[in-house]
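Residue numbering for the sequence shown follows the numbering used here, starting at 163 and increasing by one per position.
Yeah, the Cβ is synthetic: ideal placement off N, Cα and C, and Gly gets one too.
Model, not experiment: these values are computed from the prediction.
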Amino acid sequence: MTKTTDKMMTLTELLNQCGSGGEANPVIVPQGWTQGRTAFGGLSTAIAYHAASHIEDALPGLRSAQIAFTGPLFGALTAETKMLRRGRNTAFVQSELFGDKGLGLHCNFIFASERETEVKSHDMTPPDFPPLPKEQDLHSGPEQFFTSKMEFVGKRIDTSIKTNRLTRWMRLADRDGLDPMAEILCMGDSLPPSIMGMLDKNAMVSSMNWQVNIIADHPSTTDGWWLIDSQTHHADHGASSQFMSIWNSDQQLIATGMQSVAYYA
C-alpha cells in the first residue's frame, strides 16, 4: 500500500471493511494506523466494537466495555463476535480480533437501554481544561504512526516534565460518517500511558487491559475535540494502574476508564 493511500485511509473506511466481521470481511490495517509492532489499541477496540454492534439489528446503546490487549495485531485482521446473553434491556457481546499471529484482542461489550431512575449522582472532579486548540497551532504525528490520523497541540507527552497525569485535547483529522461510540473508543486510548510521564528514560510500556464506562447517552463535541485525561495512581513491580476520563468541549463527562499498564523500567 502506498503512502498516499495509507494517508487517506480513515477510521470510517476501516470500519466499513469490517462490517459485521467474519472471514469474509478482513480489515487490512495500513502502516499509518500502527504503534510499533501492532495496530493502535484504540483502532483495534473500535473495530471490535463495530463488529459487535452489527451482531443484530436494534441493539441498545453501548454502556460498558472490557478490553484485553492479548497480543500484537498486524496484517489482515478478522473480527469474530458472539452473543453471550440477550435480555429484554441488555445484550452482552463478545468480540475478538485475530491477526497473522492469532488472537490479539478480546472484548466484552455491554449494550443496555436507558431507564428512568430516581437515584442520580454526579461526583467526579474534572481536570483543568486548557483552551480549545486553534487551527494554526495544530500538528500531527509521523506518517508511519497512528498519530498521523490525529490533530493536537504540542507534544502528546513532554518527558522533561515529571508528572503522573496527562491531559490533552485530541481529535481525529477525518471524522466524516463516523459512529460517535467508535470515535470515543478510538480517541480514549490516544494518549500514551501516563506512567511514561514518570520515567527517567525511554522504556517499553504496554497496555494490558482497559475498562471503559460510557456516561453520555449521545456523545457530541465541537469540531471533534475530546479532552483525554489519564492519571497513574499506583505503579510498582512493573505494573501501573491508571484512571482515565473523556470530556467534551462543553466540559461534560463522556466516559470513564481504567487501564493496567506493564512497564519495563
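**Prompt:** Tell me the DSSP bridge mates of Gly261?
**Reply:** Gly264
**Asked** At a cut of 8 Å, does the stretch 244 to 256 reach the stretch 192 to 201 through at least three beta carbon pairs?
**Response** no
**Asked** Is the CB-CB distance between His268 and Ala213 below 7 Å?
**Response** no
**Asked** Taking Cβ to Cβ, would you say Gly266 is nearer than 7 Å to Leu259?
**Response** Result yes, Cβ atoms of Gly266 and Leu259 sit closer than 7 Å.
**Item:** Beta-carbon proximity list for Lys311, same chain, < 8 Å, skipping 5 on both sides
**Value:** Thr172, Leu173, Gly194, Trp195, Ser302, Leu334, Ala335, Asp336
**Asked** Are the beta-carbon atoms of Ala344 and Ala227 separated by less than 7 Å?
**Response** no
**Request:** Would you identify the three-state DSSP class for Gly419, choosing helix, strand or coil?
**Result:** Gly419 carries a strand assignment under DSSP once its states are collapsed to helix, strand and coil.
**Start-to-end residues for the alpha helix (DSSP H) that takes in Met349** = 342 to 349
**alpha helix (DSSP H) segment containing Gln179, residue limits** = 173 to 180
**Prompt:** Excluding five sequence neighbours on each side, which residues of the same chain lie with their C-beta closer than 7 Å to the C-beta of Pro288?
**Reply:** Trp409, Gln413
**Prompt:** Looking only at its own chain, which residues have a Cβ that is under 7 Å from the Cβ of Asp398, when we skip the five neighbours before and after it?
**Reply:** none
**Item:** Burial state of Gln421 (16 or more Cβ within 10 Å)
**Value:** buried
**Asked** Alpha carbon to alpha carbon, what distance is there between Glu280 and Thr309?
**Response** 42 Å
**Request:** Leaving out five residues on either side along the sequence, give the residues of the same chain with a beta carbon under 7 Å from the beta carbon of Leu415.
**Result:** Excluding residues within five positions, the ones whose Cβ falls inside 7 Å are Met286, Ile377, Ser407, Trp409.
**Request:** Determine the closest residue to Pro381 out of Gly223, Asn187, Ser182, Gly204, with distance taken between C-alpha atoms.
**Result:** Gly223
**Asked** Can you tell me the Cα-Cα spacing of Asp385 and Gly261, whole angstroms?
**Response** 33 Å
**Asked** Between Met349 and Tyr211, what straight-line distance do the alpha-carbon atoms span, to the nearest angstrom?
**Response** Spanning the two alpha carbons is a distance of roughly 13 Å.
**Item:** Three-way DSSP call (helix, strand, coil) for Thr325 in this model
**Value:** coil
**Message:** Could you compute how far the alpha carbon of Leu389 sits from the alpha carbon of Arg330?
**Reply:** Going by the C-alpha atoms only, they are around 6 Å apart.
**Request:** Give the secondary structure of Glu297 by DSSP, where H, G and I count as helix, E and B as strand, and everything else as coil.
**Result:** When DSSP states are grouped into helix, strand and coil, Glu297 belongs to the helix group.
**Request:** Leaving aside the five residues before and after Met370 along the sequence, list all residues of the same chain whose C-beta is less than 7 Å from its C-beta, in chain order.
**Result:** Hits under 7 Å: Phe231, Ser422, Val423, Ala424.
**Message:** I need the boundaries of the beta strand (DSSP E) containing Ala208, first residue and last residue.
**Reply:** Looking at the DSSP string, Ala208 is not in any beta strand (DSSP E); the run it does join, the alpha helix (DSSP H), is 203 to 215.
**Asked** Out of curiosity, what's the CA-to-CA distance linking Leu328 and Glu218?
**Response** 38 Å
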